[in-house]
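This report refers to the structure that appears directly beneath it.
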Amino acid sequence: MELNDAEKNPTLVPHRGFNLISGTHDPDDVDQIYNLEIRDSDVFVVTYPKSGTIWMQQILLLLEAKGDVSAINHLNNHSNGDLIPWIELNGNRQAFITAPSPRLRVTHLQHQFLPPALSQKKGKVIYVARNPKDVLVSYFHFHKLANMLETPKDFDDFFEKFMRGDVFGCSWFEHIKTWYSHKDDMNMLFITYEEMIQDLHSAVEKISSFLGKELTDEQLASVVKHSTFNNMRKIPQASYEKVPDDLLSHQNGRFMRKGIIGDWRNHFTQAQNERFDQVFLREMEDFPLTFTWDMGHTD
Ligand SMILES: Nc1ncnc2c1ncn2[C@@H]1O[C@H](COP(=O)(O)OS(=O)(=O)O)[C@@H](OP(=O)(O)O)[C@H]1O
Numbered sequence: 001m002e003l004n005d006a007e008k009n010p011t012l013v014p015h016r017g018f019n020l021i022s023g024t025h026d027p028d029d030v031d032q033i034y035n036l037e038i039r040d041s042d043v044f045v046v047t048y049p050k051s052g053t054i055w056m057q058q059i060l061l062l063l064e065a066k067g068d069v070s071a072i073n074h075l076n077n078h079s080n081g082d083l084i085p086w087i088e089l090n091g092n093r094q095a096f097i098t099a100p101s102p103r104l105r106v107t108h109l110q111h112q113f114l115p116p117a118l119s120q121k122k123g124k125v126i127y128v129a130r131n132p133k134d135v136l137v138s139y140f141h142f143h144k145l146a147n148m149l150e151t152p153k154d155f156d157d158f159f160e161k162f163m164r165g166d167v168f169g170c171s172w173f174e175h176i177k178t179w180y181s182h183k184d185d186m187n188m189l190f191i192t193y194e195e196m197i198q199d200l201h202s203a204v205e206k207i208s209s210f211l212g213k214e215l216t217d218e219q220l221a222s223v224v225k226h227s228t229f230n231n232m233r234k235i236p237q238a239s240y241e242k243v244p245d246d247l248l249s250h251q252n253g254r255f256m257r258k259g260i261i262g263d264w265r266n267h268f269t270q271a272q273n274e275r276f277d278q279v280f281l282r283e284m285e286d287f288p289l290t291f292t293w294d295m296g297h298t299d
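The sequence shown stops at residue 299 when you use UniProt numbering, and every number in between is there.
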């Protein structure tokens, strides 16, 4: 269905199947990411928005610091994104080229924008997936905070936009399917937000061993301790509380909002849920994974 101008989201810039944000991303610069040289020590955290990016940033920073939270908090940074930046944000690609190893980066981009060397098992990729129903809800609330994104009229309006993929990024289904289809070409750890919630200690151990880190039990316990939702909320850099008001309208809510599984139940109508399930079943029919949130399971 063709959208008329009034229905289109004015902040979005469609680019090669991916909606960028005007003023935040430069399409030509984003295209140059493909040409970056990759080192074996590079790590890219790949997420669809609202799937646990800041959480994975916190875990990686703590693993690098061997659990010493003071080593990452004394730094004069606004957020975890200053230490593990988005590769696609204006200015960040150039800085990546000369940055010392290990270069840790996050991205919401689709697979086709990233350097092909990743698909020749150079560098490492951590893909974090989350129940798309909870992603939708988290994304809705984030749009009220983030000044670079259009404020949604209401939840129903945002629901429609998400289902059409008319949001920053692309369709959730396309994102996960494309990345997952390249899993075996890459050094990729595929992990879900839900498994991190259910057993953070095991998730941290898995991430640590994927990255080849050697931490003592005590150090690992400290990583876990300082990456729980409640503890991250107390750390301004790990909760976006220090990000200036012109970027995030803090009076409209918190970036670290609820941090739970299944909040979609408090937002979706029965009709929306049924429609979502139909789309999910159709889109994910041939996907070789089942999720804890698959139809017929709780959450
Ligand atoms: N430690 C921890 N435990 C549980 N949940 C956590 C944690 N850290 C971040 N979060 C939740 O992740 C959601 C934000 O996702 P992202 O960081 O991917 O957002 S963004 O795409 O970078 O804007 C957002 O989800 P919602 O609370 O559902 O909105 C955050 O609260």
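The C-beta atom is built at its ideal place from N, Cα and C for all residues, glycine as well.
- For R257, the Cβ falls inside the 7 Å cut-off from some heavy atom of ligand 1.
- Under the three-state reduction of DSSP, Y127 is assigned to strand.
- When the Cα atoms are used, F210 and M256 turn out to be separated by approximately 26 Å.
- When only Cα atoms are considered, I176 and F113 end up about 15 Å apart.
- By the Cβ-count criterion, S249 is exposed, with fewer than 16 other Cβ atoms from all chains shown falling within 10 Å of its own Cβ.
- L136 and T192 have their alpha carbons spaced roughly 16 Å apart.
- Burial is judged here by how many other beta carbons sit within 10 angstroms of a residue's own beta carbon; A238 has at least 16 and is buried.
- At least one heavy atom of ligand 1 falls within 7 Å of the beta-carbon of P49.
- In the three-state scheme derived from DSSP, where H, G and I count as helix and E and B as strand, N19 is classed as strand.
- The beta carbon of F229 sits closer than 7 Å to at least one heavy atom of ligand 1.
- For G169, the secondary structure class from DSSP, reduced to helix, strand or coil, is strand.
- Approximately 14 Å separates the beta-carbon atoms of R105 and D29; this is outside 8 Å, ruling out the contact.
- Excluding five sequence positions before and after F140, the CB atoms of its chain that fall closer than 7 Å to its own CB belong to P152, F155, F158, given in chain order.
- DSSP links T47 through a beta bridge to V128.
- Per DSSP, T98 is not a residue of any beta strand (DSSP E); the alpha helix (DSSP H) it occupies stretches across 92-98.
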